[in-house]
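Data first, discussion second: the structure below is written as structure tokens.
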């Protein structure tokens, strides 16, 4: 069956390739890579929004896999393959699976590229010289152990097992099956397998958010919430700092909307330019609704929702339009964000629309026109600095206050006047830039006469058609983004209709205080999710944290999706109905549980107590009663409560709970003003350790216990101090300091009058035992 099923899958791949105008014959060079002119644009196959663009560009294993393969093959004396890329049979399978997963299984491109295609390359090389249908159990185990040595998380090994199970076994591509059972580690790699098992367990249980919480402050899956310091530092940056580049201006507004709306990062970056919708409401008499205590106006946000069941058609990605109401408290700032972004990107949007309709790079210029060298330099590189003396800092700072494009024209025209009327020299970068295209773009006079010999840069002009030809041939990665995406109604949505637009690869931006002249720069693209996510990793040297908070950037990292978890949890914490929350974020109420990170205490607050019993219980008593009734507590007190409830009724049982939940608890050193009937004292009655709950009484045994304790502590200090230093035990300094602290605390207890707290400003030793890390929702 293996060869037959293999041929069938490859035949299907050939059909899909022809249907999508792709050449099935994709050559591989001597390095295992596909020449650029033969690469498949997988993003275009399913009309996926770009950036990023995913290419079928190599048959070679990654460098990390190459190192792992050589390590294992050398240690076990296997023959290392002569070529570390796929053979013809495996290459055909690789292409067929790429198209099958995208067009039949409807998998997303990042998943296909990273979790499937990369694994097939590793598997194919490890199975050399066997064809796909000849893969054996030994080949499988070799490939799995190679994947074990790639990365520290175990993700690659999990993907290897998944690919073998789904494709080789699931599609009956091999003669010997099942092969996934042979995904077992060699003896020397048992430790790496432990990481794989731990990751598998984590991935299978992370949605089980209703796990055991030992403390009232414990939250469900708290690691899904944003890091507290990273979140508040980010809020401080994006709402108070002035963006230093145009790209930062766009990134700040993308993240601001993520926080205010709770939408996914992909839904924010793909917002249409006309995303705001205002609705007005009136009474039946035509009066504003607020006259009858209603809402007169509301603001809604139009966006394209992700994870929609109608997202895919037969062969392309479909955008599904949706709307979300903006809370009145955020409506003004959301409007300001959208309006300021529309203003800043207005010139870029006009140019990108013209490029889309006219299909040229410089639609505002005739193809036979000659432009000055400094104008050509700005249009091609985006750099606004065209003179040797640069731009006055005041003009740059004025532009960065609002990123108003009209100020870019002011800056540019100021330099043009300096060049034409004040004999200002051109920037030396213009001359260096000309060397990049001098063999393809000729130098001309203003009248169009070609210049040879020495060049006087102020009189040099370049022909627009030659510049376009050079850019199309040698700068394909900087082409404007003009590819449309299909909407659910059959119409097309073009990139210039997006709200967030950015200059493409404007490398001069930010260097030496430079800015991008987005009014003239020819290359414009949509904002990308990958760029925003990369900016929130403090370990990256060009991240937002690294540039705006360099002292602490290494410790800051934030996942954009954690912001969505935060807003969901906050709404649930404030008792907003899950049906309302689901309307705001998803279509099914059942999915809301994965975003519920309320603490045990917050869960208990949602449990209602009969008014008859609520009046009998204090706040602490109500909490304990709720925990008992919901089965979150067990022990002798709970058993006693159950017995009393059965024999004498609920009211008497509630009174019993109240008496056990509150009150004064006698300790050997005084009275504890905190209840610890639910859990034992975390400090084991070390009340004299500066615990604020300790109060003195006039009981003589209490005084005697404190004096005995003081005597023992003083005796121990004397034992240490009387010993020669060289004979003192290891760690004697820490022991001595610890004992002196305790002795001082006991002296304070002895000096306190009965009825008063010993340490009124001390620590809360009872609460301090919580093992869970405080989250952003905890104060």
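Numbering (full-length UniProt numbering), first residue to last: 1 to 779.
Yeah, the Cβ is synthetic: ideal placement off N, Cα and C, and Gly gets one too.
Because the structure is a prediction, the values reported are computed rather than measured.
By alpha-carbon distance to residue 240, the top candidate from 433, 229, 253 and 228 is 253. Take residue 289, set aside five residues on each side of it, and the residues of its chain with a beta-carbon closer than 7 Å to its own are 281, 282, 283, 295 and 296, in chain order. Within the same chain, and ignoring the five residues on either side of residue 407 in sequence, the residues whose Cβ sits closer than 8 Å to its Cβ are 395, 398 and 399. A direct Cα-to-Cα measurement between residue 502 and residue 524 gives close to 6 Å.
Distances from the CA of residue 705 to each of 333, 249, 409 and 687 were compared; the closest alpha carbon is that of 687.
Listed in chain order, the non-local C-beta contacts of residue 198 below 8 Å within the same chain comprise 154, local neighbours out to five positions each way being set aside. Residue burial annotation: residue 17 is buried, with at least 16 other C-beta atoms found within 10 angstroms of its C-beta. Contact between the segment 138-146 and the segment 175-185 is present, with at least three C-beta pairs closer than 8 Å. Only exposed fits residue 643, as fewer than 16 other CB atoms lie within 10 angstroms of its CB. With a threshold of 16 other beta carbon atoms within 10 Å, residue 474 falls short and is exposed. Using a Cβ distance threshold of 8 Å, residue 83 and residue 13 do not count as a contacting pair. Around the beta carbon of residue 723, a 10 Å sphere encloses fewer than 16 other beta carbons of the protein chains shown; the residue is thus reported as exposed. By the C-beta criterion, the segment 409-418 is judged not to be in contact with the segment 446-456, since fewer than 3 inter-stretch pairs fall below 8 Å. Annotation for residue 502: the continuous beta strand (DSSP E) segment containing it runs 501-503. Residue environment: residue 538 is assigned as buried (16 or more neighbouring CB atoms within 10 Å of its CB, all protein chains considered). Shown here for residue 243: same chain residues with a beta carbon closer than 6 Å to its own, the five before and five after excluded, namely 249 and 252 in chain order. Residue range 2-19 is occupied by the alpha helix (DSSP H) that includes residue 15. If you look at residue 101, you'll find it in the alpha helix (DSSP H) that goes 88-103. When the Cα atoms are used, residue 358 and residue 350 turn out to be separated by approximately 12 Å.
A residue is called buried when at least 16 other Cβ atoms come within 10 angstroms of its Cβ; residue 4 does not meet this threshold and is exposed. For residue 325, the enclosing beta strand (DSSP E) has its first and last residue at 318-326. When 307, 97 and 20 are compared, the shortest CA-CA separation from residue 266 is found for 307.
Looking only at 717, 743, 361 and 747, the smallest Cα-Cα distance to residue 733 is reached by 717. For residue 193, the CB contacts under 7 Å within the same chain, skipping 5 residues up- and downstream, are 148 and 185 in chain order. Taking the C-beta atoms as reference points, residue 558 is found no nearer than 8 Å to residue 110.
Excluding sequence positions up to five before and after residue 546, its CB lies within less than 7 Å of the CB of 538, 540 and 553, all in the same chain and listed in chain order. CA-CA distance, residue 333 to residue 567, rounds to 17 Å.
For a cut-off of 8 Å, the C-beta gap from residue 166 to residue 174 is around 13 Å, too long to register as a contact.
Boundaries of the alpha helix (DSSP H) around residue 254: 246-261.
Remark: C-beta atoms of residue 64 and residue 53 do not approach each other more closely than 8 Å. Under the 10 Å beta carbon count, residue 137 is surrounded by fewer than 16 other beta carbons and is classified as exposed. Residue environment for residue 495: buried (at least 16 other C-beta atoms within 10 angstroms of its C-beta). If you draw a straight line from the Cα of residue 235 to the Cα of residue 653, it comes to about 49 Å. Under the 10 Å beta carbon count, residue 270 is surrounded by 16 or more other beta carbons and is classified as buried. Here residue 509 is buried, its C-beta having at least 16 other C-beta atoms within 10 Å. Closest in alpha carbon position to residue 750, among 702, 493 and 321, is 702.
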